[in-house]
Amino acid sequence: MQNPSPAALPPLRGRIQQDAPLAPLTWFRTGGPAEFLVRPADVDDLLLLLRDRPRDLPLTVIGAASNLLVRDGGVRGLVVKLARGFSEIVVEGDGILAGAAALDATVAEHAAAAGLAGLEFLCGIPGAIGGAVAMNAGAYGAEVKDMLDWAEVATPSGLLRLSAQELGFTYRHSTLPQDGVVVRARFRAIPGEATAIAAKMNAIRAAREESQPVRARTGGSTFKNPEGHKAWALIDAAGCRGLQNGDAQISEKHCNFLLNLGVATASDLEGLGETVRARVAAQSGVTLEWEIKRIGEFPA
């Protein structure tokens with residue numbers, strides 16, 4: 001069967017690349033290419049793509065790719081990345097409107113500059129708003145579900161505005177419609193004292209810098225915290241701190257972080273993660289679940 005060409009896609013105004021490298025877009029800096037990488041120009045462009053795309057092409061959405069591992073065989077079908085047309089941030093009297101491509105930390109900074117409290121935790125989450133909503137991201141005692149009023153979600157049948165309740169948030173999960181893509185979200189906030197907001201954000205940044213390998217090629221928290229446990233403590237107890245597989249390593253600083261020390265493949269990283277899962281299960285009886293999203297094909 002002949003590979004599809006960009007001509008098979010709807011007439012988009014955004015950019016379409018075939019066989020596009022994805023590794024440079026991810027924090028791990030490794031992995032295979034996308035069959036098609038699509039950057040829609042705006043919401044209307046995205047809606048057209050979702051409505052008229054060839055149904056035999058799988059759809060994958062990526063954001064800042066901070067919590068993502070792209071397998072070495074690449075990703076079949078369409079990889080959608082929201083960029084400039086989805087990054088607007090609007091400050092309102094009692095909240096913030098943020099596009100899906102706006103970085104979490106940038107949203108927190110806009111809220112702080114406007115004297116709005118309650119969104120400080122976002123400065124401790126590496127990633128963008130679309131992914132934060134999709135996975136109910138959280139840190140430092142707060143989660144997206146605690147502050148979200150609604151999110152706008154593009155679907156093949158049109159644009160929906162869904163409340164936090166309708167999104168069915170649970171730990172590191174939301175229930176999006178089939179082929180739904182978060183494009184914008186509104187967060188409520190409360191008037192606060194600027195120095196207190198700044199102090200809280202500085203404390204979050206300092207704690208993150210001290211406890212996490214923030215300057216490494218990493219993917220954020222590797223595994224979800226099982227109920228009643230901390231993933232890092234289970235990994236440490238299983239003797240996995242500093243464990244290596246080629247250039248893939250379990251961080252010695254925070255052992256729920258996978259690191260690419262240089263030329264680790266996605267297979268090296270995922271394989272190390274699976275070794276950790278097996279050792280933790282053998283040592284504690286607890287099965288760790290991946291928090292890092294893994295997409296694409298294993299190499300042939």
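Following full-length UniProt numbering, the numbering of the sequence shown begins with 1 at its first residue and continues without gaps. Backbone N, C-alpha and C fix where the C-beta goes; we use that ideal spot for every residue, glycine too.
A Cβ-Cβ distance of about 6 Å is found for the pair G73 and G296, placing them in contact under the 8 Å criterion. Judged by beta-carbon spacing, A189 lies beyond the 8 Å limit of L97, meaning their Cβ atoms are not closer than that value.
R277 counts as buried, since at least 16 other C-beta atoms from the protein chains shown sit within 10 angstroms of its C-beta. Taking C-alpha positions only, A154 is separated from L46 by approximately 7 Å. Across the set K293, V38, A113, the C-alpha of A113 shows the shortest separation from the C-alpha of V91. Sequence-distant partners of P226 (beyond 5 residues in either direction) whose C-beta falls short of 6 Å from its own C-beta, in its chain, are V286. K200 carries a helical assignment under DSSP once its states are collapsed to helix, strand and coil. With a threshold of 16 other beta carbon atoms within 10 Å, K230 falls short and is exposed. Residue environment: A233 is assigned as exposed (fewer than 16 neighbouring CB atoms within 10 Å of its CB, all protein chains considered).
V80 is not a Cβ neighbour of V107, given a cutoff of 8 Å. For V214, the three-state secondary structure derived from DSSP is coil.
Pairing I204 with G32, the inter-Cα distance amounts to about 34 Å. CA-to-CA, the gap between D56 and P156 works out to about 14 Å. Between the C-alpha atoms of A216 and L259 there is a straight-line separation of about 7 Å. A Cβ-Cβ contact shorter than 8 Å links F187 with M147. Residue environment analysis places N136 among the buried positions, since at least 16 neighbouring C-beta atoms fall within 10 angstroms of its C-beta. In the displayed model, H229 falls within coil according to three-state DSSP, outside both helix and strand.
In the displayed model, S163 falls within a strand according to three-state DSSP.
Excluding residues up to 5 positions away in sequence, L69, R71, R294 lie with their Cβ nearer than 8 Å to the Cβ of E270 in the same chain. In this structure, A65 and A100 do not form a Cβ contact; the two beta carbons are roughly 13 Å apart against a cut-off of 8 Å.
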